[in-house]
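Enquirer: Below you'll find the structure I mean.
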DNA sequence: CTGAAAGCGCTTACAG
DNA sequence: CTGAAAGCGCTTACAG
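Protein chains in written order, with UniProt numbering: chain A, 1 to 325; chain B, 1 to 325.
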């Protein structure tokens with residue numbers, strides 16, 4: 001190159017390594033001229049750190065995920081990491097092959113957004129020394145770290161708001177039964193109802209799917225008696241529910257109050273103006289990254305389960321509590 | 001390991017290499033037991049192919065991009081490639097540092113979704129032999145391949161539909177002036193108006209931004225005379241425009257017809273039911289991948305500019321052409 | 001078909 | 001502070 005040894009060059013590009021001002025200057029100058037930059041892959045081989053984080057994500061049509069992805073990517077970029085993305089079917093086979101692919105790329109860590117992992121898969125990652133954190137999906141006993149919102153509390157809060165507004169025929173279109181987020185929010189619903197000595201009008205599994213939720217709403221509203229309020233397991237389904245109910249000729253919130261969960265950007269738009277429980281994406285992202293990086297950088301390896309509480313955002317799709325304007 | 005040389009193992013895991021049935025079996029068995037899989041990074045070093053595609057994306061809040069990202073990722077995954085994601089500010093500095101990062105990771109190719117690249121940056125990639133394709137953003141003279149929809153035609157088509165429906169005071173809230181997608185759609189608008197001997201009611205730059213578009217809509221509808229139809233540069237802005245106009249007390253399409261561009265999933269939802277020009281994401285993704293991979297795999301290196309035409313999707317936000325029901 | 005050898009581009013003890 | 005040497009885990013001519 002221009003004057004010094006390979007080792008010297010390496011030291012110039014390694015922060016915290018000793019190099020004299022003179023060499024630094026010589027090397028930098030030559031590097032600029034040549035357009036030289038260290039090869040991250042070669043560095044990864046020798047250090048064992050690829051600075052690549054694998055992200056497994058199932059659905060991108062739910063607005064919550066693009067937003068989370070963007071923040072995750074930005075925050076990680078700021079720390080010198082980058083995201084290798086894998087979209088995965090929610091089947092366990094799909095996840096398995098994806099995780100193997102991820103491991104082939106020597107990722108330093110894995111963020112699984114809204115997908116579950118079998119315990120054998122979790123064990124595989126553990127054996128390979130790859131930390132995993134579940135984002136927006138808990139899985140007790142999996143031996144994996146997880147960051148979620150306080151789903152039971154959130155479900156309780158949403159339901160309580162409906163009760164406070166004077167509703168009594170309250171239905172729940174639940175998030176998917178196969179997910180802890182779904183069952184936790186439902187638990188909150190049931191707790192609040194029980195506390196108020198109310199019987200749920202109905203509980204239906206919406207499977208986090210627009211079509212299923214819409215069908216459920218149609219059915220609920222077609223009976224001899226119909227609910228006067230519905231707590232829906234996430235915003236994505238709640239929009240479908242609102243569309244369906246309005247198309248049937250009902251007014252929201254005059255005939256039915258609707259509350260969702262997530263507070264995706266669209267919830268604030270005038271066409272829906274949806275009351276919802278906010279999942280604080282930025283704080284969830286922060287917690288995810290802190291947890292993951294501390295495991296990667298080895299300061300601690302014990303797993304963590306973090307729940308972040310979020311407020312109810314009162315908007316126009318649900319009646320206000322009695323006594324308030 | 002279990003019986004053979006390193007070279008033999010390599011051959012078993014390299015398709016198209018010669019290895020006897022016996023060795024294949026021995027190696028596979030040992031690999032299974034050990035959980036061995038080839039290290040992609042090490043392979044990348046020697047072959048010069050990382051099988052990583054860098055994706056630069058600016059905004060994920062416009063629903064068009066999550067959808068494109070998901071399809072891009074799936075299609076690439078099927079071909080053995082994976083996406084390293086970079087979210088970038090739309091400033092040229094931001095892009096520059098992002099592209100350098102990308103090059104450090106030895107990506108085989110770059111997809112730039114809705115961002116522009118300076119010609120010096122383009123030259124940098126060319127020198128490094130990294131093919132780039134622009135997705136949903138043209139840039140004539142950049143020496144870069146690009147895949148877009150037929151934006152001039154699409155703008156024309158949308159405007160013509162408004163004219164056919166009997167509108168005469170037609171305004172355009174344009175996509176960003178600094179982007180070819182924006183100016184092309186505007187060109188289509190102007191051509192159609194001129195052809196029909198109509199004068200545009202107004203043309204305002206919405207900068208692909210909800211707030212700016214909403215402000216523009218408010219202003220347009222507050223004048224002494226107001227437009228009876230608005231062609232908006234993309235769906236993302238169109239939703240904001242619809243919200244604003246409805247909040248002002250106007251009915252859509254009774255008082256004003258609205259047409260957008262993209263046909264994102266939300267456009268089909270009942271709350272908006274937006275007439276729009278479809279950008280055929282799947283075909284755009286296909287074209288992008290074909291172009292990129294053929295450049296990577298070296299079959300051809302000449303650049304291509306592909307425009308894909310999409311139909312107008314007539315929905316409830318705009319009046320039907322005269323003579324139709 | 002198969003093994004020994006070289007080399008991809010780096011970093012990191014180890015001497016000096 | 002600095003250079004020579006070894007090694008990360010692979011693939012690929014090159015002989016056999």
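C-beta: ideal position from N, C-alpha, C; glycine also. These figures come from a predicted structure and were not determined experimentally.
Is residue 184 of chain A helix, strand or coil when you go by DSSP?
Expert: Start at 1 with the first residue of the first chain, and residue 184 of chain A comes out as number 184. Three-state DSSP puts residue 184 of chain A in a helix.
Enquirer: So, using beta-carbon positions, are residue 230 of chain B and residue 171 of chain B closer together than 8 Å?
Expert: The residue given as residue 230 of chain B occupies position 230 in the second chain. The residue given as residue 171 of chain B occupies position 171 in the second chain. The answer is yes: Cβ separation under 8 Å.
Enquirer: Can you confirm whether residue 67 of chain A, when its beta carbon is compared against all beta carbons of chain B, has any partner nearer than 8 Å?
Expert: Walking along the first chain from the start, residue 67 of chain A turns up at place 67. Yes, contact with chain B.
Enquirer: Could you say if the region 48-68 of chain A and the region 79-98 of chain A meet the contact criterion of at least three C-beta pairs nearer than 8 Å?
Expert: yes
Enquirer: List, in order along the chain, the chain B residues whose C-beta lies closer than 8 Å to that of residue 82 of chain A?
Expert: Position 82 of the first chain, counted from the first residue, corresponds to residue 82 of chain A. Under the 8 Å cutoff, chain B gives 84, 85, 86, 101 and 105.
Enquirer: Any residues in the region 161-189 of chain A with a beta carbon nearer than 8 Å to a beta carbon of chain B? Which ones, in chain order?
Expert: none
Enquirer: Span of the beta strand (DSSP E) holding residue 84 of chain B?
Expert: Mapped onto the second chain, residue 84 of chain B falls at position 84. Here the beta strand (DSSP E) through residue 84 of chain B covers 82-87.
Enquirer: What span of residues does the beta strand (DSSP E) with residue 307 of chain B cover, start to end?
Expert: Taking the second chain and counting its residues from 1, the one referred to as residue 307 of chain B is at position 307. Here the beta strand (DSSP E) through residue 307 of chain B covers 305-308.
Enquirer: Looking at residue 146 of chain A and residue 139 of chain A, is the spacing between their C-beta atoms short of 8 Å?
Expert: Your numbering for residue 139 of chain A matches position 139 in the first chain. Your numbering for residue 146 of chain A matches position 146 in the first chain. Contact: yes.
Enquirer: Assuming residue 277 of chain B and residue 263 of chain B make a contact with CB atoms under 8 Å, what is their CB distance in whole Å?
Expert: As a first step, residue 277 of chain B must be located in the second chain, where it is residue number 277. As a first step, residue 263 of chain B must be located in the second chain, where it is residue number 263. Confirmed, Cβ separation roughly 7 Å.
Enquirer: According to the neighbour-count rule (16 or more other Cβ atoms, all chains shown, within 10 Å of its Cβ), is residue 67 of chain A buried or exposed?
Expert: As a first step, residue 67 of chain A must be located in the first chain, where it is residue number 67. Buried, by the Cβ-count rule.
Enquirer: Would you say residue 272 of chain A lies against chain B (beta-carbon separation less than 8 Å)?
Expert: As a position in the first chain, residue 272 of chain A is number 272, starting the count at 1. Yes, because at least one Cβ of chain B sits closer than 8 Å to the Cβ of residue 272 of chain A.
Enquirer: So residue 61 of chain B contacts chain A; which residues on that side make the cut at Cβ distance below 9 Å?
Expert: The residue you call residue 61 of chain B lines up with position 61 of the second chain. The contacting residues are 63, 66, 67, 70 and 265.
Enquirer: Could you name each continuous alpha helix (DSSP H) segment of 4 residues or more that falls completely within the region 39-103 of chain B, going from the start of the chain to the end?
Expert: 40-47 and 64-78
Enquirer: Determine the direct distance from the alpha carbon of residue 280 of chain A to that of residue 238 of chain A, and round the result to whole angstroms.
Expert: As a working note, residue 238 of chain A is residue 238 in the first chain. As a working note, residue 280 of chain A is residue 280 in the first chain. Approximately 18 Å, taken between the alpha carbons.
Enquirer: So which residues of chain B does residue 50 of chain A contact, with C-beta pairs closer than 8 Å?
Expert: Translated into positions along the first chain, residue 50 of chain A becomes position 50. Result: 41.
Enquirer: Show which residues of chain B have a CB atom less than 7 Å away from the CB atom of residue 74 of chain A.
Expert: The count along the first chain starts at 1 and reaches residue 74 of chain A at position 74. The answer, in chain order, is 87.
Enquirer: Could you check whether the region 126-144 of chain B touches the region 153-167 of chain B, counting it as contact only if at least three pairs of C-beta atoms, one from each stretch, sit closer than 8 Å?
Expert: no
Enquirer: Which residue marks the beginning of the alpha helix (DSSP H) containing residue 294 of chain B, and which one marks its end?
Expert: The residue given as residue 294 of chain B occupies position 294 in the second chain. Element bounds for residue 294 of chain B: 281-296.
Enquirer: By the 10 Å Cβ neighbour count, where 16 or more other Cβ atoms means buried, how is residue 181 of chain B classified, buried or exposed?
Expert: Here residue 181 of chain B corresponds to residue number 181 of the second chain, with the count starting at 1. So residue 181 of chain B counts as buried.
Enquirer: According to DSSP, is residue 167 of chain B helix, strand or coil?
Expert: As a first step, residue 167 of chain B must be located in the second chain, where it is residue number 167. If DSSP states are grouped into helix, strand and coil, residue 167 of chain B belongs with coil.
Enquirer: Quick one: which chain A residues come within Cβ less than 8 Å of residue 243 of chain B?
Expert: Walking along the second chain from the start, residue 243 of chain B turns up at place 243. The answer, in chain order, is 269, 270 and 271.
Enquirer: List the residues of chain B that residue 44 of chain A touches, going by C-beta distances under 7 Å, in chain order.
Expert: By one-based count along the first chain, residue 44 of chain A stands at place 44. Under the 7 Å cutoff, chain B gives 41.
Enquirer: Find the residues of chain A that neighbour residue 239 of chain B, judging by a C-beta separation of less than 8 Å, and give them in chain order.
Expert: By 1-based counting over the second chain, the position of residue 239 of chain B is 239. Result: 269 and 271.
Enquirer: Mapping the DSSP letters down to three states, classify residue 318 of chain B as helix, strand or coil.
Expert: Position 318 of the second chain, counted from the start, is the residue given in the question as residue 318 of chain B. Correct three-state label for residue 318 of chain B: coil.
Enquirer: Are at least three pairs of beta-carbons, each pair with one atom in the region 241-255 of chain A and one in the region 216-226 of chain B, less than 8 Å apart?
Expert: no
Enquirer: Is there at least one non-hydrogen atom of the ligand ADP closer than 7 Å to the beta-carbon of residue 57 of chain A?
Expert: The ligand content of the structure shown is nil, which means the ligand ADP is not present either.
Enquirer: Report all residues from its chain with a CB closer than 8 Å to the CB of residue 76 of chain B; omit the five preceding and five following residues, and keep chain order.
Expert: As a first step, residue 76 of chain B must be located in the second chain, where it is residue number 76. Residues 53, 82, 83 and 289 of the same chain have their beta carbon placed closer than 8 Å to that of residue 76 of chain B, with the five preceding and five following residues left out of the count.
Enquirer: Put residue 9 of chain A into one of helix, strand or coil per three-state DSSP.
Expert: As a working mapping, residue 9 of chain A is identified with position 9 in the first chain. Residue 9 of chain A: helix per DSSP, three-state reduction.
Enquirer: Per DSSP, residue 108 of chain B is paired with what?
Expert: In the second chain, the residue the question calls residue 108 of chain B occupies position 108. According to DSSP, residue 108 of chain B bridges with nothing at all.
Enquirer: Hey, is residue 131 of chain A's beta-carbon within less than 8 Å of any beta-carbon in chain B?
Expert: As a working mapping, residue 131 of chain A is identified with position 131 in the first chain. Judged by the 8 Å Cβ criterion, residue 131 of chain A is not in contact with chain B.
Enquirer: Inspect the CB distances between the region 97-116 of chain A and the region 89-98 of chain B and report whether three or more fall short of 8 Å.
Expert: no
Enquirer: Does any C-beta atom of chain A lie closer than 8 Å to the C-beta of residue 11 of chain B?
Expert: For the purposes of this step, residue 11 of chain B is identified with residue 11 of the second chain, where counting begins at 1. Output row for residue 11 of chain B: interface = no.
Enquirer: Between which two residues does the beta strand (DSSP E) carrying residue 262 of chain B extend?
Expert: The residue labelled residue 262 of chain B in the question sits at position 262 within the second chain. Start and end: 257-262.
Enquirer: Going by C-alpha distance, which of B:298, B:308 and B:189 is nearest residue 163 of chain B?
Expert: The residue given as residue 163 of chain B occupies position 163 in the second chain. Of B:298, B:308 and B:189, the residue nearest in Cα terms is B:189.
Enquirer: Are residue 126 of chain A and residue 143 of chain A closer than 8 Å when you measure CB to CB?
Expert: Translated into the one-based positions of the first chain, residue 126 of chain A becomes position 126. Translated into the one-based positions of the first chain, residue 143 of chain A becomes position 143. In this structure, residue 143 of chain A lies closer than 8 Å to residue 126 of chain A by Cβ.
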